[in-house]
Structures are given as structure tokens and as C-alpha cells.
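S.K.: In the order they appear, the protein sequences are chains A and B. Using full-length UniProt numbering, read the first sequence as starting at 1 and increasing by one per residue. Using full-length UniProt numbering, read the second sequence as starting at 1 and increasing by one per residue. Where a beta carbon is used, it is the ideal one built from N, C-alpha and C, also for glycine. Computed from a predicted structure; not experimentally measured.
2 protein chains.
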Amino acid sequence: MVVMTRWLTPDEQRTWRAFLTASRALMDTLDRELQRDAGMPHAYYEILVRLSEAPERRLRMSELADASGSSRSRLSHAVARLEAAGWVRREDCPTDRRGQIALLTDAGFAELAAAAPGHVEGVRRHLFDALRPTQVEQLRQISEALTEHLSRP
Amino acid sequence: MVVMTRWLTPDEQRTWRAFLTASRALMDTLDRELQRDAGMPHAYYEILVRLSEAPERRLRMSELADASGSSRSRLSHAVARLEAAGWVRREDCPTDRRGQIALLTDAGFAELAAAAPGHVEGVRRHLFDALRPTQVEQLRQISEALTEHLSRP
DNA sequence: CGGTGATGGTTGAACGTTCAACTAAAGCGG
DNA sequence: CCGCTTTAGTTGAACGTTCAACCATCACCG
Chain A
1 MVVMTRWLTP DEQRTWRAFL TASRALMDTL DRELQRDAGM PHAYYEILVR LSEAPERRLR
61 MSELADASGS SRSRLSHAVA RLEAAGWVRR EDCPTDRRGQ IALLTDAGFA ELAAAAPGHV
121 EGVRRHLFDA LRPTQVEQLR QISEALTEHL SRP
Chain B
1 MVVMTRWLTP DEQRTWRAFL TASRALMDTL DRELQRDAGM PHAYYEILVR LSEAPERRLR
61 MSELADASGS SRSRLSHAVA RLEAAGWVRR EDCPTDRRGQ IALLTDAGFA ELAAAAPGHV
121 EGVRRHLFDA LRPTQVEQLR QISEALTEHL SRP
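1) Measure the alpha-carbon distance for A/L150 versus A/A130 and round it to whole angstroms.
2) Since B/R124 is in the alpha helix (DSSP H), which residue starts that stretch and which ends it?
3) Across the stretch 75–89 of chain A and the stretch 37–47 of chain A, are there enough close Cβ pairs to call them in contact, namely three or more that are closer than 8 Å?
4) Could you check which residue in A/V3, A/F19, A/V2 and A/R6 has the C-alpha nearest to that of B/V136?
5) Anyone know if the C-beta pair for A/L48 and A/L104 falls short of 8 Å?
6) What are the partner residues of B/L20, as DSSP defines its beta bridges?
7) Which full runs of the beta strand (DSSP E) of 3+ residues lie inside the stretch 29–96 of chain B, going along the chain?
8) Determine the closest residue to B/D96 out of B/S62, B/R140, B/G86 and B/R17, with distance taken between C-alpha atoms.
9) Grab me the residues of A/S68's own chain with a C-beta within less than 6 Å of its C-beta, minus the 5 sequence neighbours each way, in chain order.
10) Could you give the distance in angstroms between the alpha-carbon of A/H119 and the alpha-carbon of A/L30?
11) Drop a sphere of 10 angstroms on the beta-carbon of B/T5, count the other beta-carbons inside from all chains shown, and report buried for 16 or more, exposed for fewer.
12) Taking contact to mean 3 or more Cβ pairs, one atom from each stretch, closer than 8 Å, check whether the stretch 138–148 of chain B and the stretch 137–144 of chain A are in contact.
13) Could you tell me if B/S71 is buried or exposed, where buried requires 16 or more neighbouring beta carbons within 10 angstroms of its beta carbon?
14) In the DSSP assignment, the alpha helix (DSSP H) including B/R6 goes from what residue to what residue?
15) How many angstroms separate the CA atom of B/G84 from the CA atom of B/R57?
16) Can you give me the start and stop residues for the alpha helix (DSSP H) that B/S143 sits inside?
17) Could one say the Cβ of residue 211 of chain A lies closer than 8 Å to chain B's Cβ atoms, at least one of them?
18) Would you say B/G91 lies against chain A (beta-carbon separation less than 8 Å)?
19) Would the beta-carbon of B/D37 fall within 8 Å of that of B/A115?
20) DSSP beta-bridge partners for A/Q100?
21) Which residues in chain A sit within 8 Å of B/D11, going by Cβ to Cβ distance?
22) From A/L146 to B/A22, what does the alpha carbon distance come to, in whole angstroms?
23) Any C-beta of chain B sitting closer than 8 Å to the C-beta of A/L127?
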């Protein structure tokens with residue numbers, strides 16, 4: 001079956017490349033800052049954040065994977081490292097013998113508390129300082145539409 | 001010196017998380033599709049694209065690095081792999097004996113031509129089909145503002 | 001019940017990226 | 001022309017991610 005490719009218009013082309021460049025540059029910058037100042041990649045930071053927001057600072061591995069946007073495998077490896085660093089602990093799940101619960105230790109919480117201000121400052125400087133309030137609102141709507149669309153059939 | 005952290009407002013918080021989730025999901029999806037259909041990660045695809053657009057399909061390594069948003073080191077490793085696959089070749093630069101020129105081979109061009117339609121279709125489906133024309137325009141302006149801002153002092 | 005498929009999570013290998021160290025050549029000031 | 005700094009690019013090790021295979025347990029249904 002022959003299917004015609006729906007190529008991008010020049011405008012779309014330009015938007016796509018601009019988005020690619022901008023989001024890559026932003027993420028790279030924040031990742032590098034976090035690595036330099038807190039010794040951890042952004043993915044690990046986000047795992048700690050999600051744990052810190054959970055009731056009792058504990059979450060099932062799969063919920064944590066969903067919340068932090070990691071694959072299960074990625075999370076397994078990551079939690080193994082975070083556990084070695086003493087920032088996270090694992091416990092068996094009482095209601096499901098297959099399950100594991102990850103919990104943020106006090107040391108992990110302290111680490112997060114130390115890293116947060118610098119990182120938030122970075123997000124503000126590199127992202128929000130570049131945008132007008134209208135654009136912030138637009139970016140939110142675009143992002144939400146995108147996520148909505150991506151999580152469909 | 002004590003510096004007060006400029007925390008994020010709830011609106012900014014929401015925007016930041018939405019953006020994070022959306023861009024990660026989008027990139028992951030496109031990367032996975034490209035890996036499945038063309039056997040290469042998105043970063044390699046982009047290197048091939050930039051080479052294909054250059055005069056005579058050749059670029060200095062550093063120009064290629066800038067154009068494709070890679071670090072020099074990343075590009076070195078990547079080109080080594082692309083060369084092993086027969087898609088790219090290296091040549092000495094005649095005007096600067098330190099320099100290297102990467103050039104896209106016919107095999108590489110063919111590979112790219114085979115991969116492009118599927119990938120473009122993915123970009124259209126996952127990104128542009130989710131947005132209204134106004135939003136596409138907004139996203140472009142936001143992205144350009146961001147890049148502009150990031151490439152400053 | 002007992003089988004069958006789905007779910008939760010881990011593992012190791014292959015891969016790609018980063019970081020710091022390094023070589024070599026170019027540019028520049030005296 | 002000689003040192004000094006800068007630029008171009010590579011290298012290897014450490015790290016993080018992906019992918020596929022895997023084990024264990026659970027849930028459902030005949």
C-alpha cells in the first residue's frame with residue numbers, strides 16, 4: 001500500500017526545529033547545573049521530588065515510575081543507585097508480595113532540600129525569565145494538549 | 001551572602017511540570033519510533049539531516065556539532081559509529097591541519113531517505129496534530145525566545 | 001481448584017552520553 | 001621566531017538508559 005507522506009510546511013519545519021533546539025538546550029543546561037551543584041542528573045532529582053511529595057514519602061515502584069516519567073527498568077536501576085547513596089530505601093509491599101515500596105530517607109530529603117533552591121533558580125532564570133506571562137500560559141496549554149494527545153490510543 | 005530563592009508560583013509550577021512531561025513524552029516517543037523503524041537514535045538522525053543539507057553534503061566537525069546541538073565529544077563518538085555503518089566518511093581538512101570534515105555517503109543518504117517519511121509522519125502525528133495553528137505559531141515564538149535567551153552571557 | 005495470561009519488578013548486556021585528560025596545530029604578542 | 005594561549009578533535013572510563021529476557025506473584029475463568 002502506498003501512503004503519501006504528509007510533509008511539514010515551512011512554518012511547521014521552522015517550529016519543529018526551534019522547539020527541538022530550545023528544549024534540548026534548556027534540558028542540557030539544567031541537567032549540567034544540577035550535576036555540577038548537586039551531583040545528580042535531573043531524572044534522579046525528579047524521583048526524589050516525587051517521593052518527597054508522596055504521603056509518608058513512600059510510593060510503589062510503578063507509581064513512582066509513572067509519576068517521574070521513567071520506564072520500570074530505568075527506575076529499578078536508578079533506585080538501586082539512590083539506595084547505594086543512602087537517599088532512598090526499599091521495603092516489601094505488605095498487600096502485594098510482588099511489590100516494592102521506595103521511600104525517601106532523611107538523608108535523601110536533606111539532599112533534596114539542599115539542591116532545590118539552586119535548581120529552581122535555574123528553571124526561573126533559563127525558562128521563565130525568557131517568557132512573558134502570556135507565553136507562560138500558552139506554553140502550559142500547549143504542553144497539556146500535547147500530553148493529552150500523546151496518551152491516547 | 002544570603003540570597004532569597006525566587007520560588008515558582010503555582011502557575012509556573014504547573015507550566016514547568018506540564019512542559020517537562022510533554023517534551024519528555026514527545027521525544028521518547030519519536031526516539032523509540034526512529035529506533036524501531038530506522039535503527040538509529042534521534043541524535044544520529046539529526047546528524048545525517050544536517051549533513052544532507054550542507055553544500056556537497058560535507059561539514060567541518062565543529063560546524064556539524066553546532067548545527068546538530070551535540071557536544072564535540074558526543075559528535076566524535078557518533079561519527080565513529082556512523083562511519084562504521086558506512087553512512088558517513090571522514091576526510092582531512094585542506095586548510096586546517098587540525099580539522100576533520102564529515103561527509104554523508106550515498107549509503108547514508110539512502111538510509112536517511114528511507115527513514116525520513118516515517119519520522120516526519122511521527123512528528124506530524126504526535127506534535128502538530130495535537131495543536132491548533134495559533135498554538136504552532138505560539139510554540140515557535142516561545143522556542144525562539146528561549147533559544148535566544150539561553151545563548152546569552 | 002488449576003491452568004493461563006497479565007502485572008510488578010529486576011537483571012545484564014549493548015548502547016549512547018558525559019567528563020576530563022590529552023595531542024596536535026593554529027594564532028598571537030613580544 | 002619563540003613561548004603562550006586558544007582551538008579542533010579524539011579518547012577512555014564512568015555513568016545512565018534501553019531492550020529483551022526473566023522470575024515471581026496475582027487475577028481471572030473454566
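M.R.: On the basis of the supplied data:
1) The straight-line gap from Cα to Cα measures roughly 27 Å.
2) B/R124 -> alpha helix (DSSP H) spans D106 to H126.
3) Cβ pair count under 8 Å is three or more, so yes.
4) When A/V3, A/F19, A/V2 and A/R6 are compared, the shortest CA-CA separation from B/V136 is found for A/F19.
5) In this structure, A/L104 lies closer than 8 Å to A/L48 by Cβ.
6) According to DSSP, which records beta bridges pairwise, B/L20 is partnered with nothing at all.
7) At a cut-off of 3 residues, the continuous stretches assigned as beta strand (DSSP E) that sit fully inside the stretch 29–96 of chain B are 58–60 and 88–92.
8) The shortest CA-to-CA distance from B/D96 to any of B/S62, B/R140, B/G86 and B/R17 is the one to B/S62.
9) Excluding residues within five positions, the ones whose Cβ falls inside 6 Å are E46, I47 and R50.
10) Roughly 7 Å separates the two Cα atoms.
11) Classification of B/T5: exposed, given that the 10 Å Cβ count is below 16.
12) Result yes; three or more Cβ-Cβ pairs closer than 8 Å.
13) Exposed, by the Cβ-count rule.
14) Here B/R6 belongs to no alpha helix (DSSP H), and DSSP marks it neither H nor E.
15) According to the sequence displayed, residue 84 of chain B carries Ala and not Gly. Rounded to whole angstroms, B/A84 to B/R57 spans 18 Å at the Cα level.
16) Here the alpha helix (DSSP H) through B/S143 covers P133 to L150.
17) Chain A is shown only over 1 to 153; residue 211 of chain A falls outside these bounds and no answer can be derived.
18) This sequence places Glu at residue 91 of chain B; Gly is not what is there. Contact of B/E91 with chain A is not assigned, every C-beta pair being separated by 8 Å or more.
19) Going by C-beta atoms, B/D37 is nearer than 8 Å to B/A115.
20) Paired residues: A/D92.
21) Correct list: V136, E137 and R140.
22) A/L146 and B/A22 have their alpha carbons spaced roughly 6 Å apart.
23) The beta-carbon of A/L127 is placed less than 8 Å from the nearest beta-carbon of chain B.
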